[in-house]
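*Asks:*
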Amino acid sequence: MAKHTTICAGIDTGKRKLDVAIEGSREQLQVTNTAEGHEALLTWLRQQRIKRVGIEASGGYEQAVVAELRRKGFVVVVFQPAQVRAYATFHLQRAKNDKIDAALIATCTAAVRKIHTAPDPRLLPFAEQLTMIDQIGEDVARLKNRIESCRNAAINKLWQEDIARLEQRVRVALKALVASIRKHPDLAKRLALINSVDGIGLPTAVAILVRLPEIGQITREQAVALAGLAPYDDDSGDRSGVRHIEGGRKRLRRALYTASLAASFRWNPQLIKLYQRLTAAGKEHKQALVACARKMLIFANTVVARGTPWCGEPPVGSFPAS
207 MAKHTTICAG
217 IDTGKRKLDV
227 AIEGSREQLQ
237 VTNTAEGHEA
247 LLTWLRQQRI
257 KRVGIEASGG
267 YEQAVVAELR
277 RKGFVVVVFQ
287 PAQVRAYATF
297 HLQRAKNDKI
307 DAALIATCTA
317 AVRKIHTAPD
327 PRLLPFAEQL
337 TMIDQIGEDV
347 ARLKNRIESC
357 RNAAINKLWQ
367 EDIARLEQRV
377 RVALKALVAS
387 IRKHPDLAKR
397 LALINSVDGI
407 GLPTAVAILV
417 RLPEIGQITR
427 EQAVALAGLA
437 PYDDDSGDRS
447 GVRHIEGGRK
457 RLRRALYTAS
467 LAASFRWNPQ
477 LIKLYQRLTA
487 AGKEHKQALV
497 ACARKMLIFA
507 NTVVARGTPW
517 CGEPPVGSFP
527 AS
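Right, dumping it as structure tokens:
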């Protein structure tokens, strides 16, 4: 029987240009990171009979070409920089430039065994709007910190005016974002299911929907790992280290952690009991809140998977653990 192989390409992304290499070949290409360059890239990839393309996340500079490649039917694997660095370290590869990096990414792409479904393209503009809202919130927090250390009443008044203006902008932007999401019936239903969980307000529900498009289609372990809320062991030999969370989607984790504070003190009876039980057992406040945030996400994943709203009780027959 003939052996079929997938020809893979790797793209090293820069602000102004894209370097492209083919796994197992010396063929390379360099194009501008513009619409015209993307068109030339697509033509070249088709000529080379490329089916799968790997690209390293690069501060958003990769998003336009990734979207175009997926629109044209290519399978695209987006790597985190740490993945590519680890692969190079494993192969003891120390040399680094754009062409070498493109070839390395191509090799990484060929080594991938499991291809994940591409995220819903409708969510990309929503993610950009949500990031803008988050960044405005960060600006507000910085201004509030300035007020804490400023004793000049006139300056404080300016900061207060800026805070009021920015908070109003957040309200308007969030309202517009929710309206845009609700134009899509399936997304509107998913948002309502997430929002039905006690303690998950509308801003947090939007964050889960947009930043975790896999919600309801993955196991609870996968959900909490993607959110960066999974506790990892740190043991070696006779040493038993403290379990800790690491990695994941930072902005999603922050949204869940923030929401868990109010949910575990006031809004969700199950989370209130969980927080009290953990702190009574000697867990620190932050550890207990992380556990509550993790449980909150599990609840959201379950209601979306089942397609039924939160009923005020722990889900029965939860989405499978593995």
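Quick note: the sequence shown uses the working numbering, first residue 207, plus one each step.
Backbone N, C-alpha and C define an ideal beta-carbon position, used for all residues, glycine too.
Looking only at C-alpha atoms, which of F285, I213 and T238 sits nearest to L251?
*Replies:* The candidate whose alpha carbon is nearest that of L251 is I213.
*Asks:* Would you mind reading off the limits of the alpha helix (DSSP H) that contains Q482?
*Replies:* Taken as a continuous stretch (DSSP letters only), the alpha helix (DSSP H) holding Q482 covers P475 to A486.
*Asks:* Below 8 Å on the Cβ atoms is my guess for L477 versus G405; work out the distance and round it to an integer in Å.
*Replies:* Yes, they are in contact, since the Cβ atoms of L477 and G405 sit about 6 Å apart, within 8 Å.
*Asks:* Between L484 and V496, what straight-line distance do the alpha-carbon atoms span, to the nearest angstrom?
*Replies:* About 11 Å.
*Asks:* If you count every other CB in all the chains shown that lies within 10 Å of the CB of A317, and 16 or more means buried, which is it?
*Replies:* With fewer than 16 other Cβ atoms within 10 Å, it is exposed.
*Asks:* Jot down the residue ranges of each uninterrupted beta strand (DSSP E) in the segment 286 to 366, minimum 3 residues, whole runs only, in chain order.
*Replies:* Counting only runs of 3 or more, we get nothing.
*Asks:* Less than 7 Å between the C-beta atoms of F280 and V259, yes or no?
*Replies:* Yes, these two residues count as a Cβ contact at 7 Å.
*Asks:* So is D218 buried or exposed if we call it buried at 16+ other beta carbons inside 10 Å?
*Replies:* Buried, by the Cβ-count rule.
*Asks:* What's the C-alpha gap between A308 and Q428?
*Replies:* Their backbone Cα atoms lie some 29 Å apart in a straight line.
*Asks:* G216 and A227: beta carbons closer than 7 Å?
*Replies:* Their beta carbons are under 7 Å apart, which means G216 touches A227 by this criterion.
*Asks:* What does the Cβ neighbour count give for G265, buried or exposed, with the cut at 16 atoms within 10 Å?
*Replies:* Exposed is the call here.
*Asks:* Look up C498 in the DSSP assignment and say whether it is helix, strand or coil.
*Replies:* Note: C498 maps to helix in three-state DSSP.
*Asks:* Exposed or buried, N303, counting other C-beta atoms within 10 Å across all chains shown (16 or more means buried)?
*Replies:* That one is exposed.
*Asks:* Whole-angstrom Cβ separation of I414 and A379, contact assumed at under 8 Å?
*Replies:* Not quite, the Cβ-Cβ distance comes to about 18 Å (not below 8 Å), so this is no contact.
*Asks:* Can you give the Cα-Cα distance for A431 and L397, rounded to whole angstroms?
*Replies:* Straight-line Cα distance between these residues: approximately 21 Å.
*Asks:* Cβ of L462 within 7 Å of Cβ of L503?
*Replies:* It is a contact, given that the beta carbons lie within the stated cut-off.
*Asks:* So what does L235 bridge to, in DSSP terms?
*Replies:* Bridge partners of L235: V226.
*Asks:* Using 7 Å as the threshold, is the C-beta distance between L336 and V416 below it?
*Replies:* Taking 7 Å as the Cβ cut-off, L336 and V416 qualify as a contacting pair.
*Asks:* With D218 as the anchor, note down where its beta strand (DSSP E) starts and where it stops.
*Replies:* Element bounds for D218: C214 to T219.
*Asks:* Does DSSP classify I504 as helix, strand or coil?
*Replies:* In this structure, I504 counts as helix in the three-state DSSP scheme.
*Asks:* Secondary structure at R417, three-state DSSP: helix, strand or coil?
*Replies:* DSSP places R417 in helix when its eight states are reduced to three.
*Asks:* Let me know if A301 comes out buried or exposed under the rule of 16 or more other beta-carbons within 10 Å of its beta-carbon.
*Replies:* Classification for A301: exposed.
*Asks:* Report the three-state DSSP secondary structure of G260 (helix, strand or coil).
*Replies:* Three-state DSSP puts G260 in a strand.
*Asks:* In three-state terms, what does DSSP make of V271?
*Replies:* V271 falls in the helix class under three-state DSSP.
*Asks:* Determine the burial state of H491: buried for a count of at least 16 other Cβ atoms within 10 Å of its Cβ, exposed for fewer.
*Replies:* Looking at its Cβ environment, which holds fewer than 16 other Cβ atoms inside 10 Å, H491 is exposed.
*Asks:* Over the uninterrupted alpha helix (DSSP H) stretch that includes L247, give me the two end residues.
*Replies:* A241 to Q253 is the extent of the alpha helix (DSSP H) around L247.
*Asks:* Helix, strand or coil for P409, going by three-state DSSP, please let me know.
*Replies:* Helix at P409.
*Asks:* Using CA atoms only, rank isn't needed, just tell me which of R276, Q482 and V283 is closest to K320.
*Replies:* The option with the nearest alpha carbon to K320 is V283.
*Asks:* Out of curiosity, what's the CA-to-CA distance linking E268 and C517?
*Replies:* Approximately 42 Å between the Cα atoms of the pair.
*Asks:* Taking K202 as part of the alpha helix (DSSP H), name the residues at either end of that continuous run.
*Replies:* The requested residue 202 is not part of the displayed model; the chain covers only 207 to 528.
*Asks:* Using beta-carbon positions only, say whether P325 and P419 come within less than 7 Å of one another.
*Replies:* The answer is yes: Cβ separation under 7 Å.
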